[in-house]
Amino acid sequence: MPETASDPVPRPTPPKITRGEWALILVLVAIQFTHMVDFVIIMPLGARLMAELDITPVEFGWIVSVYAIAAGVASFLGSLVMDRFDRRSVLIAMYGGFTLSTLLCGLAETYVWLLVARTLAGIFGGLAAVSIMAVIGDVFPAEKRGRATGAITSSFAVASIVGLPIGLVLADKFGRGAPFVALAGLSTLVWVFALFRLPQVRGHLEHARRNAILEMVAVLREPNHQRAFLFTFFMVLGTFTVASFMAPYMAATNGWTEDQLATLYFAGGVCTLFGMGFIGRMADRFPRLMLFRILAGMTIVATLAVTNLPPGPLWVAAAALSLFMVFAAGRMVPAQAMLLGAAQPRVRGAFMSLNTAVQHLGTGIAPILAGALITKSEDGTMTGFPVVGLVASVLTIISLVLAGLVRPAKVIAPVAVPEAVAAPKGVVEPVVAV
C-alpha cells in the first residue's frame with residue numbers, strides 16, 4: 034500500500050511533550066486565540082452590521098471574505114521570503130501589525146473603512162498564522178505534531194467559549210466596535226508576552242537558497258504540493274460556506290438576540306475544546322488519513338443537520354452547532370499534521386505560506402458563494418441555507434478523495450552536528466523528521 038502523508042512512519046506510543054515544548058505551545062496558542070477571535074467575531078455580528086450599516090447579505094459576505102482574501106494574497110507573497118528570516122522575527126512583526134489593524138476595525142465608522150481595516154487585519158493575521166504553523170513544523174517531530182496542532186486548533190474552541198460571548202456582550206453594551214478595541218488591548222499584552230518568551234527558530238536558514246521566485250516556483254510545481262493545495266482548498270471551502278452565515282441565519286430564523294447567539298457559541302466551544310484534546314491524541318496514535326476520513330464523514334452529517342434546522346428551542350440549535358464545530362474543526366487536526374509532513378523542512382515555510390494562501394482563498398470565496406445562495410426577505414428572514422448545506426457536503430466529499438492523494442516528503446538523513454557547535458541557548462533547531 035502506498036505511504037500517505039497521514040502515516041510517515043509506524044508510530045508506537047508517542048513520546049511525551051516536554052515542559053519547554055508546552056511553554057512554546059502556550060505562546061503560540063495565545064497568539065492564535067486572538068487571531069481566531071478577530072476572524073470569527075465578525076460572523077455573529079452579521080445581523081447587527083447588516084442593520085446598522087444598511088448592507089445586504091452579499092455586502093456582509095465581502096466583509097468576511099476580504100479578510101481571508103487579503104490573508105491569502107499576503108501568504109502567497111510571503112512564500113517568497115518566509116524561509117529567509119528567523120521565524121520569531123517574522124511572527125513578532127506580523128502580530129504587531131495585526132494588533133494595530135484590529136484596533137482600526139474597532140474604530141471604523143463606515144462600511145468602506147471597515148473593509149479597509151479588515152483587509153489590513155487579514156494581511157498581518159494571515160502571515161502570523163503561517164509563521165505559527167512553520168514553527169510547529171520546524172520544532173516538533175512528526176510523532177508530536179498531532180498534539181501540537183491539536184492545541185493550536187483548540188484556540189478556535191477557546192475563542193468560541195470566551196472570546197465570542199464576551200465580544201457579543203461588549204457589542205450589545207457598547208456598540209459594534211467594542212469587541213475589536215478590547216481584542217486589540219488583549220493582543221498588545223500577548224505581543225509583549227511573545228516578545229520575551231518566543232525562542233529563535235533559525236535552523237532552516239542554514240540551507241543553501243536559490244532565487245526566491247525560482248524557489249517558490251519549485252514549491253508550486255511539486256505534484257505532491259499541488260495535491261495538498263487542492264485538498265486544503267476544498268476542505269476549507271466546505272466548512273466556511275456554512276460557518277459564515279450560520280449565526281445570521283439562526284438569528285433571522287428564530288429571532289434570537291446576540292446574548293442567545295453567545296450561548297450557542299459557548300456551548301459549541303466547550304464541546305470543541307474537549308474534542309480537540311481527544312482528537313489531537315488520536316492523531317498521534319492512529320493513521321491520520323483514517324481519522325480525517327471519519328471526522329470528515331461526520332462533518333457532512335452535521336452540515337446537513339445544521340443547515341436544515343427549523344425554528345425551535347435554543348438547546349436543539351446548540352447541539353447541532355456543537356456537532357458541526359467539533360467535527361469541522363476536529364478534522365483540521367489530522368489534516369494539518371498530514372500537510373506539515375508533505376514538504377521538506379527547508380521549504381516548509383514557503384509551502385505553508387502557499388498552503389495558507391490557498392486556505393484563505395477558500396475561506397474568502399466561501400462567504401461570497403453562500404451569500405449568493407441565500408436570500409433575505411423584507412421581514413428579515415433568510416432562505417437558501419439548505420442549498421448551502423448541500424453544496425458544502427459535495428465539497429467535503431471532494432476533500433475526502435483528495436486526502437488520500439497527499440504523500441509525505443521523503444525523509445532526509447540528518448547531518449551529524451558536532452557537540453561543540455550545538456545550538457546556542459534560545460535558538461531552536463528544527464527537527465528533520467517529516
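The numbering of the sequence shown is the numbering used here, which starts it at 34 and goes up by one. Backbone N, C-alpha and C define an ideal beta-carbon position, used for all residues, glycine too.
Nearest candidate by alpha-carbon position, reference residue i, set the options
{"i": "F264", "options": "R379, T416, R120, L372", "result": "L372"}
{"i": "F213", "options": "I156, V223, I75", "result": "I75"}
{"i": "A56", "options": "I185, L148, I327", "result": "I185"}
{"i": "I50", "options": "A161, R254, T182, N388", "result": "T182"}
{"i": "A368", "options": "E85, T429, L347", "result": "T429"}
{"i": "V145", "options": "L201, G301, I88, A84", "result": "I88"}
{"i": "G363", "options": "G301, A280, V202", "result": "G301"}
{"i": "V250", "options": "V424, R440, L406, L387", "result": "L387"}
{"i": "G397", "options": "G159, C138, T132", "result": "G159"}
{"i": "R314", "options": "S122, P77, R180", "result": "R180"}
{"i": "M166", "options": "A154, Y100, V60, G139", "result": "V60"}
{"i": "P419", "options": "Y128, L294, P343", "result": "P343"}
{"i": "V427", "options": "L337, L297, A280", "result": "L337"}
{"i": "Q377", "options": "P346, R120, E255", "result": "E255"}
{"i": "L394", "options": "L110, F173, A101, M83", "result": "A101"}
{"i": "D317", "options": "F173, C138, F109", "result": "F173"}
{"i": "A425", "options": "L438, T414, L406", "result": "L406"}
{"i": "A141", "options": "R440, S122, L222, E85", "result": "E85"}
{"i": "V252", "options": "F319, A375, A399, S122", "result": "A375"}
{"i": "L270", "options": "R440, N257, A329, W289", "result": "A329"}
{"i": "A285", "options": "S188, S187, V191, T414", "result": "T414"}
{"i": "A192", "options": "L423, A211, Q65", "result": "Q65"}
{"i": "G139", "options": "L110, L297, A211", "result": "A211"}
{"i": "S220", "options": "I58, A63, R440, L423", "result": "A63"}
{"i": "R379", "options": "F109, M127, R120, I58", "result": "R120"}
Same chain, Cβ closer than 8 Å to residue i, five either side skipped, listed in chain order
{"i": "I401", "result": "V91, G94, W95, S98"}
{"i": "I125", "result": "W224, A227, L228, L231"}
{"i": "D292", "result": "L201, V202, D205"}
{"i": "R81", "result": "A204, R209, E291"}
Local Cβ density within 10 Å of residue i, reported as buried at 16 or more and exposed below that
{"i": "S410", "result": "exposed"}
{"i": "L231", "result": "buried"}
{"i": "E248", "result": "buried"}
{"i": "Q259", "result": "exposed"}
{"i": "L136", "result": "buried"}
{"i": "T340", "result": "buried"}
{"i": "L217", "result": "The sequence given here has Ala at residue 217, not Leu. The residue in question, A217, is buried, as its Cβ has 16 or more Cβ neighbours within 10 Å."}
{"i": "G53", "result": "exposed"}
{"i": "V163", "result": "buried"}
{"i": "F207", "result": "exposed"}
{"i": "T132", "result": "buried"}
{"i": "I246", "result": "exposed"}
{"i": "G345", "result": "exposed"}
{"i": "T272", "result": "buried"}
{"i": "V434", "result": "exposed"}
{"i": "T389", "result": "buried"}
{"i": "I147", "result": "The sequence given here has Leu at residue 147, not Ile. Answer is buried; the Cβ neighbour count reaches 16."}
{"i": "A446", "result": "Since pLDDT at A446 reaches only 45, below the 50 mark, its modelled position is unreliable, and the value read off the structure follows with that caveat. A446 should be labelled exposed."}
{"i": "L222", "result": "exposed"}
Contact test: residue i Cβ vs the ligand SAM heavy atom, cutoff 8 Å
{"i": "L394", "result": "This structure lacks the ligand SAM, and indeed carries no ligand of any kind."}
Nonlocal neighbours in the same chain, by C-beta distance under 6 Å from residue i, ignoring five residues either side
{"i": "I431", "result": "F267"}
{"i": "A403", "result": "T274, S277, F278, V421"}
{"i": "V391", "result": "F262, T265, F266"}
{"i": "I156", "result": "A103, A107"}
{"i": "T408", "result": "T416, G417"}
{"i": "F325", "result": "R364, P367, A368, A436"}
{"i": "V303", "result": "I194"}
{"i": "F299", "result": "I194, P198"}
{"i": "H153", "result": "Here residue 153 is Leu; the residue named in the question, His, does not match the sequence. So the qualifying residues of the chain are S134."}
{"i": "R321", "result": "S39, P367, A370, M371"}
{"i": "M83", "result": "F93"}
{"i": "L238", "result": "At L238, the pLDDT of 49 sits below 50, so the modelled position is not reliable; the number obtained from the coordinates is stated separately. Result list for L238: empty, nothing under 6 Å."}
{"i": "N287", "result": "P344"}
{"i": "S355", "result": "A300, G301, C304"}
7 Å Cβ shell around residue i - same chain, five flanking residues per side excluded
{"i": "A280", "result": "M76, P77, G79, L294"}
At 4 residues or longer, what runs of the alpha helix (DSSP H) sit wholly inside the stretch 97-137? Correct list: empty.
Extract the residue ranges of the alpha helix (DSSP H) inside the stretch 365-398, only unbroken runs of 4 or more that lie entirely within it. Look at the stretch 365-398 and you find these whole runs of alpha helix (DSSP H), each 4 residues long or longer: 365-373.
Okay, do the stretch 350-364 and the stretch 304-312 touch, 3+ Cβ pairs below 8 Å being the bar? Remark: three or more beta-carbon pairs, one from each stretch, lie closer than 8 Å, so the stretch 350-364 and the stretch 304-312 are flagged as touching.
Touch check for the stretch 217-227 and the stretch 337-351: three-plus C-beta pairs under 8 Å? The stretch 217-227 makes no contact with the stretch 337-351, as fewer than three CB pairs between them are under 8 Å.
With contact counted as at least three CB pairs below 8 Å, one residue from each stretch, are the stretch 57-71 and the stretch 192-203 in contact? Judged by Cβ distances under 8 Å, the stretch 57-71 makes contact with the stretch 192-203, as three or more pairs qualify.
Does the stretch 328-336 come close enough to the stretch 382-392 that 3 or more CB-CB pairs lie under 8 Å? Touching, no, given that fewer than three Cβ pairs across the two stretches are closer than 8 Å.
In chain order, which beta strand (DSSP E) runs of at least 3 residues are fully inside the stretch 141-207? Counting whole runs of 3 or more residues, the stretch 141-207 contains no beta strand (DSSP E) stretch at all.
Unbroken stretches of the alpha helix (DSSP H), 4 residues or longer, contained in the stretch 234-322: The DSSP assignment places 245-254, 256-287, 291-316 as complete runs of the alpha helix (DSSP H) inside the stretch 234-322, in order along the chain (cut-off: 4 residues).
Segments of 3+ residues assigned as beta strand (DSSP E) that fall wholly inside the stretch 335-359: Whole beta strand (DSSP E) segments, 3+ residues: zero.
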